[in-house]
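These notes are about the structure you will find just below.
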Amino acid sequence: MKSRRPRPAGGFTLVEVLVAMTLTGIVVAGTLRALSAQKKFYARQARVLDARHAMRAATTILASELREASSGGGDLYAIAPDSIALRSTVGFGVACAVNEAAGQLALIYVSGHLRLDAGDSVVVFVENGEPDSDDTWRALGVNAIGTTGPACAWGTPSERLITVSGSLNGVWVGTPVRLFRAYAYAPFQLEGRWWLGRRDRSQPDYVPVAGPLAPPDSGGLQFSFFDPNGNTILNPSQVARVYITVRAPTYRSLSDPAYGSLSISAYLRN
Amino acid sequence: MDASRRVKASGPGRLRDEGGFALAMAVFALVLLAAVVAGGYFTASQEFQIGRGMRSLASSFYAGESGIHEVLHDWDPSVINFLAPGGTLSFGPNTFEGSGSYNVRVVRVGRDADSLKRYFYIEAVGRPPGPNLGERRQAALARARFPTFCCDAAVKVHGDVTLAPANQPQVIGTNDDPPGAWSSAACVLYPPDSLPGVRYGSSTGIDDVDVITGWPSAVVLDPSITRQNMFDFGDLDYDSLIAYADLVFDVGVGNTMSFSGSNPSITASGKCNRDDPDNWGAPEDPSHPCFNYFPIIHVTGNLILVGGGSAQGILLVGGSFENDSDARFSGPFDFYGIILTKDDLEMDGPGNLYGAAFVAEDLEMNNVKPRIQYSRCAVMRALRLSSLTRPRLLSRRAWVALF
Chain G
-4 MKSRRPRPAG GFTLVEVLVA MTLTGIVVAG TLRALSAQKK FYARQARVLD
46 ARHAMRAATT ILASELREAS SGGGDLYAIA PDSIALRSTV GFGVACAVNE
96 AAGQLALIYV SGHLRLDAGD SVVVFVENGE PDSDDTWRAL GVNAIGTTGP
146 ACAWGTPSER LITVSGSLNG VWVGTPVRLF RAYAYAPFQL EGRWWLGRRD
196 RSQPDYVPVA GPLAPPDSGG LQFSFFDPNG NTILNPSQVA RVYITVRAPT
246 YRSLSDPAYG SLSISAYLRN
Chain X
-12 MDASRRVKAS GPGRLRDEGG FALAMAVFAL VLLAAVVAGG YFTASQEFQI
38 GRGMRSLASS FYAGESGIHE VLHDWDPSVI NFLAPGGTLS FGPNTFEGSG
88 SYNVRVVRVG RDADSLKRYF YIEAVGRPPG PNLGERRQAA LARARFPTFC
138 CDAAVKVHGD VTLAPANQPQ VIGTNDDPPG AWSSAACVLY PPDSLPGVRY
188 GSSTGIDDVD VITGWPSAVV LDPSITRQNM FDFGDLDYDS LIAYADLVFD
238 VGVGNTMSFS GSNPSITASG KCNRDDPDNW GAPEDPSHPC FNYFPIIHVT
288 GNLILVGGGS AQGILLVGGS FENDSDARFS GPFDFYGIIL TKDDLEMDGP
338 GNLYGAAFVA EDLEMNNVKP RIQYSRCAVM RALRLSSLTR PRLLSRRAWV
388 ALF
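Those protein sequences? They're chains G and X, same order as listed.
The first sequence finishes on residue 265 if you use the working numbering, and the numbering steps up by one all the way, no holes.
The second sequence finishes on residue 390 if you use the working numbering, and the numbering steps up by one all the way, no holes.
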């Protein structure tokens, strides 16, 4: 007769469970801590990236506007350390046929926005007489823009026909035509945050075009204007270069403001 | 007994399931780690790509802008200025080492009736180096003008004219094309237009008018001529011509430079080498790339054209101020074009000037058979193929970024 011996129990001892729970707790706590740190890191990185994107967008928009402006031609209406108002080119074409009596210009090599909206105007190069000294640009209102018009002087079909209000005397075939709008750029506040805003100068309200930026008292948008000799100026007709600095928040908490900044120089090409 | 049980329990046939979770934890940790790394990589990758895109666009922009200026710099008036309205020329792709490339097209925009000016639409497409990560387009409007300042005589002179008839000098205002190559199609564009031989001021003395011929008369007195207005040409004057000079020889006032003839050279690409100071065109070889190159040459002191060589262009002898700067032909040197001298023009030997001259002081023709032959063709080619007719960007708003 065999004696029956009790089989050993399959569970853990209390000590084993306590040790395992302690170890698990340590691992879980460490993991949570790491995850939390990672989450904060990513959140901060995301804010840094958002800020960079905002700053890039703001400087790109402003630089492209300024490059096409002619300070000597009066394209800069007003300049200030944190705002600028200018004649913004929104469309372009080359006059390939001129009907002075009808006030019409047939255009070719059209680029950009070239359709009629309220308030649109064009500046047209006017050669006048033989000497270069009487060359000028004339601003004219636009009455109509059509997609069909007479052929160019050399027989090629034109792309647009613009009817203007004003004299086309002195305008030659080959003259550039620029459709423009008057815009003002400045920081403005929307829902507690600051943005690079743009408004049509005939309208009172800004619309956000890039941001959010740092508040004005933290230097969210700053302009420095220089003449061809590198001297700082505030005369809009003598600007040759504009140094733009934008700052954007990298934290959304107002109690913990930190800002990244981006600066570029934009040389006026015209 | 216990020992044998432990041995049995650890034997190969009795592995116990311990029920641990180390593997699960390790897998969980790995997944977390992978997520963290992937997130970081994704963020960094996005930022890298944005940065690369921005850099590429900047490279494209500057490549295109450089393309416009290179085309303007390398402008060949004899080709581009004579495009028909609507005619197009393309350049490129040209690559800047490590910084992108450009294609440019130049279109003449204008009318046939525009006889004295040309408008050009110059459009450039810039691309970044390496894989095409975005191109930028831009354009500029430029205008070329054909100057009209010359001429109202074969020689316009403020001082005295000494011709020494025994030496058989000739001043001929009746139009004639230069001999040889110049009798070819090069002159068809410019119908004959004869002029007086000499137009002179009130203080001028001429020793013998018999050797001067011209139309409607051999000589014309022009009391309005003064030393001060000799070089007033409306929009242009002597100083503004200096500003257009392709070749400048700053020998200094009172010093003398000798030039024995043009040595036309070409670039590696077979074009006329406009940077060579010894290249004053190839007036006697119509097949040479420099046959249509008429440099504007400025010498600040005296100039002697010596020997049997030749040259062409617009020659400015003398600085901005009144000074002693003579232009002198010594020997059978042939010059084709226009000479403007702030002092004397001396022809000492059987040299030829085919074109016209403006002389602020005296004209002296010595030795044997010197000749000044008015040639409308030579004058017009010098005017229309010189850098005076290179286009300039229109004042203000010539440049535009295209969408």
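Built from N, CA and C at the ideal position, the CB exists for glycine as well.
Since we're looking at a predicted model, the values are computed, not measured.
Would you check if the distance between the CB atom of residue i and the CB atom of residue j is smaller than 8 Å?
{"i": "X/Ser46", "j": "X/Pro115", "result": "yes"}
{"i": "X/Leu418", "j": "X/Cys137", "result": "Since the first residue shown for chain X is -12 and the last is 390, residue 418 of chain X is missing from the structure and cannot be characterised."}
{"i": "X/Ala129", "j": "X/Pro273", "result": "no"}
{"i": "G/Ser260", "j": "G/Tyr180", "result": "no"}
{"i": "X/Ser297", "j": "X/Phe281", "result": "no"}
{"i": "G/Leu135", "j": "G/Gly161", "result": "yes"}
{"i": "G/Arg264", "j": "X/Trp386", "result": "yes"}
{"i": "X/Ile159", "j": "X/Ile359", "result": "yes"}
{"i": "G/Val137", "j": "G/Val117", "result": "yes"}
{"i": "X/Asn154", "j": "X/Met352", "result": "yes"}
{"i": "G/Ile228", "j": "G/Phe220", "result": "yes"}
{"i": "X/Asp147", "j": "X/Asp349", "result": "yes"}
{"i": "G/Pro231", "j": "G/Ala58", "result": "no"}
{"i": "X/Gly342", "j": "X/Gly318", "result": "no"}
{"i": "G/Pro203", "j": "G/Gly192", "result": "yes"}
{"i": "X/Gln125", "j": "X/Leu389", "result": "yes"}
{"i": "G/Gly215", "j": "G/Arg242", "result": "yes"}
{"i": "X/Val91", "j": "X/Phe107", "result": "no"}
{"i": "X/Gly305", "j": "X/Gly324", "result": "no"}
{"i": "G/Phe175", "j": "G/Arg82", "result": "yes"}
{"i": "X/Val142", "j": "X/Val185", "result": "yes"}
{"i": "X/Ser374", "j": "X/Tyr187", "result": "no"}
Any C-beta of chain X sitting closer than 8 Å to the C-beta of residue i?
{"i": "G/Phe120", "result": "yes"}
{"i": "G/Ala46", "result": "no"}
{"i": "G/Pro126", "result": "yes"}
{"i": "G/Tyr262", "result": "no"}
{"i": "G/Glu63", "result": "yes"}
{"i": "G/Thr39", "result": "Sequence inspection shows Arg at residue 39 of chain G; the Thr mentioned does not correspond to that position. Judged by the 8 Å Cβ criterion, G/Arg39 is not in contact with chain X."}
{"i": "G/Glu11", "result": "no"}
{"i": "G/Ser256", "result": "no"}
{"i": "G/Gly67", "result": "yes"}
{"i": "G/Asn123", "result": "no"}
{"i": "G/Val14", "result": "no"}
So, does the CB of residue i fall closer than 8 Å to a CB anywhere in chain G?
{"i": "X/Thr30", "result": "yes"}
{"i": "X/Asp222", "result": "yes"}
{"i": "X/Ala388", "result": "yes"}
{"i": "X/Tyr108", "result": "yes"}
{"i": "X/Glu34", "result": "yes"}
{"i": "X/Val91", "result": "no"}
{"i": "X/Met12", "result": "yes"}
{"i": "X/Arg123", "result": "no"}
{"i": "X/Val148", "result": "no"}
{"i": "X/Arg98", "result": "yes"}
{"i": "X/Gly40", "result": "no"}
{"i": "X/Phe218", "result": "no"}
{"i": "X/Val401", "result": "Residue 401 of chain X falls outside the range modelled here, since chain X spans only -12 to 390, and no answer is possible."}
Figure out for me which residue from the options has the closest Cα to the Cα of residue i.
{"i": "X/Arg403", "options": "X/Arg39, X/His56, X/Ala22, X/Ser43", "result": "It is not possible to answer for residue 403 of chain X, since the shown part of chain X is limited to -12 through 390."}
{"i": "X/Tyr49", "options": "X/Ala25, X/Glu84, X/Val66, X/Tyr28", "result": "X/Glu84"}
{"i": "X/Asp311", "options": "X/Val235, X/Pro183, X/Gly239", "result": "X/Gly239"}
{"i": "G/Asp129", "options": "G/Gly141, G/Ile103, G/Ala97, G/Val166", "result": "G/Val166"}
{"i": "G/Arg155", "options": "G/Leu102, G/Thr84, G/Cys147", "result": "G/Leu102"}
{"i": "X/Ser189", "options": "X/Ile199, X/Ile212, X/Thr200", "result": "X/Ile212"}
{"i": "X/Gly336", "options": "X/Val293, X/Ile37, X/Arg377, X/Leu303", "result": "X/Val293"}
{"i": "G/Trp190", "options": "G/Pro211, G/Gln198, G/Arg173", "result": "G/Pro211"}
{"i": "G/Val119", "options": "G/Ser153, G/Gly169, G/Leu71, G/Pro126", "result": "G/Gly169"}
Taking 8 Å as the CB-CB limit, is residue i close to chain C?
{"i": "X/Val304", "result": "No chain C appears in the structure shown, which is made up of the protein chains G and X."}
Quiz prompt | Against chain X: residues of the segment 158 to 191 of chain G by CB proximity under 8 Å | solution = If you check each beta-carbon in the segment 158 to 191 of chain G against every beta-carbon of chain X, the ones closer than 8 Å belong to Trp167, Val168, Gly169, Thr170, Pro171, Arg173.
Quiz item: Which residues, in chain order, does the segment 59 to 86 of chain X contribute to contact with chain G at a C-beta distance below 9 Å?
Solution: For chain G, the residues of the segment 59 to 86 of chain X that bring a beta carbon within less than 9 Å of one of its beta carbons are Ala71, Pro72, Gly73, Gly74, in chain order.
Quiz item: Which whole runs of the beta strand (DSSP E) in the segment 157 to 225 of chain X are 3 residues long or more, in chain order?
Solution: Listed in chain order, the beta strand (DSSP E) elements of length 3 or more contained wholly in the segment 157 to 225 of chain X are 157 to 159, 185 to 187, 206 to 208.
Self-check item: Short-range partners of chain X found in the segment 132 to 151 of chain G, where Cβ spacing is below 8 Å
Solution: Answer set for the segment 132 to 151 of chain G: Trp132, Cys147, Ala148, Trp149, Gly150, Thr151.
Exercise. With 7 Å as the C-beta to C-beta threshold (strictly closer), list the residues of the segment 210 to 240 of chain G near chain X in chain order.
Key: Answer in chain order: no residues at all.
Practice problem: For the segment 358 to 388 of chain X, enumerate the residues whose C-beta is nearer than 7 Å to any C-beta of chain G, in chain order. | Solution: So the close ones are Leu381, Ser382, Arg383, Arg384, Ala385, Trp386, Val387, Ala388.
Exercise. Entirely within the segment 41 to 82 of chain G and at least 3 residues each: give me those beta strand (DSSP E) ranges in chain order.
Key: Whole beta strand (DSSP E) segments, 3+ residues: 71 to 75.
Self-check item: Short-range partners of chain G found in the segment 336 to 358 of chain X, where Cβ spacing is below 8 Å
Solution: Of all residues in the segment 336 to 358 of chain X, none places a beta-carbon less than 8 Å from a beta-carbon of chain G.
Quiz prompt | Proximal residues, the segment 190 to 209 of chain G versus chain X, C-beta separation under 9 Å | solution = Along the segment 190 to 209 of chain G, there is no position whose C-beta sits under 9 Å from a C-beta of chain X.
Self-check item: Residue ranges of each beta strand (DSSP E) within the segment 239 to 300 of chain X, 3 or longer
Solution: As for any beta strand (DSSP E) of minimum length 3 sitting wholly inside the segment 239 to 300 of chain X, the runs are 243 to 246, 283 to 286, 289 to 293, ordered along the chain.
Quiz item: Taking only runs of the alpha helix (DSSP H) that begin and end inside the segment 355 to 389 of chain X, which ones reach a length of at least 4 residues, in chain order?
Solution: Within the segment 355 to 389 of chain X, complete alpha helix (DSSP H) segments of at least 4 residues are found at 363 to 371, given in chain order.
Practice problem: Return the chain-ordered ranges of every beta strand (DSSP E) run that is complete within the segment 84 to 131 of chain G and spans a minimum of 3 residues. | Solution: The DSSP assignment places complete beta strand (DSSP E) segments of no fewer than 3 residues inside the segment 84 to 131 of chain G at 99 to 107, 116 to 121, in order along the chain.
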